[in-house]
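Counting in my numbering, the sequence shown runs from 1132 upward without gaps. Following: one structure in structure tokens, then a few remarks.
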Amino acid sequence: MSEAPRRVLDVVDADLGYGELQVVFGVSLHVNAGELVGLVGGNGSGKSTILRAVSGMIKPRGGKVFLGSEDVTGLKPHDLALRGLAHVPMGRQLFGDMTVEENLSLGAYLPPARARRAEGFERVYRLFPDLQVKRRAAAGSLSGGQQQMVAIGRALMLHPKVLIMDEPSLGLAPLLVREVMHVIRSVADTGMPILLVEQNVTQVLRISERAYVLENGRLALEGPSAQLRGDPMIRRAYLGL
Ligand SMILES: Nc1ncnc2c1ncn2[C@@H]1O[C@H](COP(=O)(O)OP(=O)(O)O)[C@@H](O)[C@H]1O
Ligand SMILES: [Mg+2]
């Protein structure tokens, strides 16, 4: 008998919103150990709202969030970070005047990560040798692709159990988008579980194992990415075929 895959992140029947306004309706999704999972959908479909609930920035009005087997519903961002949830925010949010190394070290601010700082740098520089070369350069002087590496590297400094990313390709030129997707795949290849939120459906379906498609706050489709790439609805609505 084969064992069920271990879930590192599990969102169950989430109802989410802001004040009176509900924008996410009964969404369930999960990430298994070692998986790169895409969450795709158009602008305003509720992707960032789901990530905000996962990282504790908003409280779900209904449903639950589990990290591993622990119910973490409603915990604050700090407590979720302590439990190994790392968030690469939209727009990278680097300190442009600070060096690459200083930006990375911000990811190791929590005591458990601080104790493993040297190991964290080693891991990030092994994955992104460019950043080691540029470690004393101002983050703002780096290329867009390298800045995205810094943002991901900063999250890895936490030694996370799962990484969530909000639209890492946003605002990048097409060539850089491919580079960033390659970078994300290489992070996943180290075994790091990732939930990748993107509008760029083509790219995400190319690099992910599974994906969820969100429309107007509801899941419209889900499945293995290879299968979704051939889905007529996806091809029509997102791939322009
Ligand atoms: N802070 C907020 N207050 C009120 N409404 C919001 C807020 N953030 C997002 N929304 C609304 O929630 C819906 C989903 O937004 P969002 O999760 O950001 O979508 P996506 O990330 O898929 O573009 C949108 O209609 C948006 O206008
Ligand atoms: Mg968003």
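All C-beta atoms in this analysis are idealised placements derived from N, C-alpha and C, irrespective of residue type, glycine included.
The Cβ neighbour count for M1312, taken over all protein chains shown within 10 Å, is at least 16; the residue is labelled buried.
Rounded to whole angstroms, G1251 and F1259 show a C-alpha spacing of 12 angstroms. Distances from the CB of S1274 to the heavy atoms of ligand 2 are all 7 angstroms or more.
Judged by beta-carbon spacing, G1177 lies within the 8 angstroms limit of G1348, meaning their Cβ atoms are closer than that value. When DSSP states are grouped into helix, strand and coil, F1197 belongs to the strand group. The way I'd put it, the segment 1169 to 1185 does touch the segment 1331 to 1346; three or more beta-carbon pairs between them come closer than 8 angstroms. Excluding the 5 residues flanking it on each side, V1308 has same chain C-beta neighbours closer than 7 angstroms at S1300, N1331, Q1334, in chain order. When the five nearest sequence neighbours on each side are left out, the beta carbons in the same chain lying within less than 6 angstroms of the beta carbon of G1227 are those of A1270, G1271, in order along the chain. Distances from the alpha-carbon of I1295 to those of G1150, R1138, V1143, V1162 put V1162 closest.
Inclusion of M1221 in the 7 angstroms shell around ligand 2 follows from its C-beta lying nearer than that to a non-hydrogen atom of the ligand. Here V1143 has S1159, G1194, K1195, V1196, F1197 as same chain residues with Cβ atoms under 8 angstroms from its own Cβ, once five neighbours each way along the sequence are excluded. Pairing G1199 with L1140, the inter-Cα distance amounts to about 6 angstroms. Comparing C-alpha distances from T1321 to each of R1137, S1186, R1257 shows the shortest one belongs to R1257. Each residue's CA atom was taken as its position, placing I1189 and Y1149 some 8 angstroms apart. In this structure, DSSP gives Y1256 a helical state, which the three-state scheme calls helix. Put simply, the backbone Cα of L1237 is about 10 angstroms away from that of A1282. Inside the segment 1284 to 1348, DSSP marks whole alpha helix (DSSP H) runs of 4 or more residues at positions 1305 to 1319, 1332 to 1338, from first to last along the chain. Of the residues assessed, A1319 falls on the buried side of the cut-off, its CB having 16 or more other CB atoms within 10 angstroms.
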